[in-house]
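What follows is a single structure, written as structure tokens, with notes after it.
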Amino acid sequence: MELTILMPCLNEAETLKTCIEKARAYLEKSGVDGEILIADNGSTDGSQEIARGCGARVVDVQERGYGAALIGGCNAALGTYVIMGDADDSYDFLHLDPFVEKLREGYDLVMGNRFRGGIEPGAMPPLHRYLGNPVLSFIGRLFYPSSIGDFHCGLRGYNREAMLALGLRTTGMEYASEMVVKATLYHLKIAEVPTTLKKDGRSHAPHLRSFRDGWRHLKFLLMHSPNWLFLYPGVFFIILGLLLLIALMFGPVSIGNITLDIHTMLYGSAFTIIGVSTVQFAVFTKTYAKNSGFIPVDTSRTEKLTEDRVILAGGIFLLIGVAATVAALVLWGKQSFGALDPQYIMRLTIPALTAMAVGVQMIFGGFFIGILNIRHK
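Under the working numbering, the sequence shown is numbered contiguously, ending at residue 370.
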């Protein structure tokens, strides 16, 4: 069998028959050897009986969620290719040729693009059309370089074996992002074709929850990109913190009517410590990814950053901080351990404490990298 047309379903009795009939009409018109598969997610409105009555095959997926239904449907599909689409009559199952053609050309994932194909009035809420989808799609392209213009189109086709190899696992609406993200990370061949979106035919509220599901999409995009989540922000804070520390170590700095002094230096210390901590999270994530397959990483780079090197670097910073602290104590001793001018002594103690804090962080971080690298059966 060449094609499975897969529809996730949760109480779609109002529109399911129409969707199945359109999919059936496409198979008959095109001559594609295919099936219509309904991944039912616990419907209580008779959707299963409607589907079987229309000649579709039904697989019951016990775990609730959009992603869970589609994963269950993919596992049960018989086609070499799968085209998935919602069962709410918002997508055009009569015109699937662009998807099939691209799949036959060897593309592993073929995305629909509603912004290129056309969105009927009222088919997409303004919040989704002008903010949610464009912003999340932009972030997706930024974090995971690709030419996909519509990360969240519900009508898409894929090579079943290639998709199973990705091991998709999210159960909610963020499954739509996971598919594109992992296909990009693992260098699958991806194409995009225009498709249309019309107002769905349901009388009940959609299953999508704008803010909850939008946050889940954003969180997924961030969690699978340790560079953008941890590394780049951390490097920014380190650079900002060091610039403030170095600039103020030798005295106040005036910019117009504004004078920066030891109070600003304290913030430079905090930024530096925050930055080092954040960069360490990037290293931890990539170490975990290297050993678990969470995401593909450049092992040649992670192998160079061994726990011993991190511990050694941390020890050096700690020694520098201790040495600077001893120097401060000597200066204090010269004043008979009495009152000191904070404008003078804190230019030494703030960098000293910063180096000590960074050193301790790196030492313990190095040991944690070693723990992450322990192999378990």
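Where a beta carbon is used, it is the ideal one built from N, C-alpha and C, also for glycine.
When the options are compared against residue i, the one with the closest alpha-carbon
i      : options                        : result
Asn152 : Ala184, Arg134, Glu167, Thr163 : Ala184
Glu42  : Ile251, Ala6, Arg149, Lys15    : Ala6
Val128 : Gly207, Phe86, Pro226, Gly110  : Gly207
Gly150 : Gly249, Ala316, Met0           : Met0
Gly105 : Gly227, Ala306, Phe92          : Phe92
Thr318 : Leu214, Ala348, Pro335         : Ala348
Residues near residue i in its chain [Cβ-Cβ closer than 7 Å; skip 5 each side]
i      : result
Gly65  : Ala32, Val52, Val54
Leu324 : Ile338
Thr164 : Glu56, Gly58, Gly60, Ala61
Leu71  : Met(-6), Thr(-3), Glu28
Cβ-based neighbour list, residue i, same chain, cut-off 6 Å, excluding 5 preceding and 5 following
i      : result
Arg340 : Met242
Thr73  : Glu(-5)
Cys47  : Lys10, Ile13
Phe264 : Phe230, Leu233, Gly234
Residue i to residue j span [Cα, whole Å]
i      : j      : result
Asp143 : Ile356 : 44 Å
Glu300 : Ile367 : 12 Å
Ser218 : Phe229 : 16 Å
Thr188 : Ala61  : 24 Å
Asp90  : Glu154 : 20 Å
Gly394 : Ser285 : The structure shown has nothing for residue 394, since the chain only spans -6 to 370.
Lys283 : Ile364 : 13 Å
Ser247 : Gln328 : 29 Å
Pro114 : Arg195 : 16 Å
Phe330 : Gly227 : 38 Å
Per-residue DSSP class, three states only, for residue i
i      : result
Glu185 : strand
Val52  : strand
Ile288 : coil
Met166 : coil
Leu322 : helix
Beta bridge counterpart(s) of residue i as assigned by DSSP
i      : result
Met104 : Arg149, Glu185
Ala28  : According to the sequence shown, residue 28 is Glu rather than Ala. Looking at the DSSP assignment, Glu28 forms a beta bridge with Thr(-3).
Leu253 : Val246
Ile76  : Ile(-2), Gly150
Tyr337 : Its beta-bridge partners do not exist; DSSP assigns none.
Cβ-heavy atom distance, residue i to the ligand NAD, below 6 Å
i     : result
Ile43 : Summarising the ligand content, the structure contains no ligands, and the ligand NAD is consequently not present.
Chain-order list of residues whose beta-carbon lies under 8 Å from that of residue i (same chain, five-residue window excluded)
i      : result
Asp193 : Thr8, Asp79, Asp81, Asp82, Ser83, Ala116, Pro199
Thr252 : Pro245, Val246
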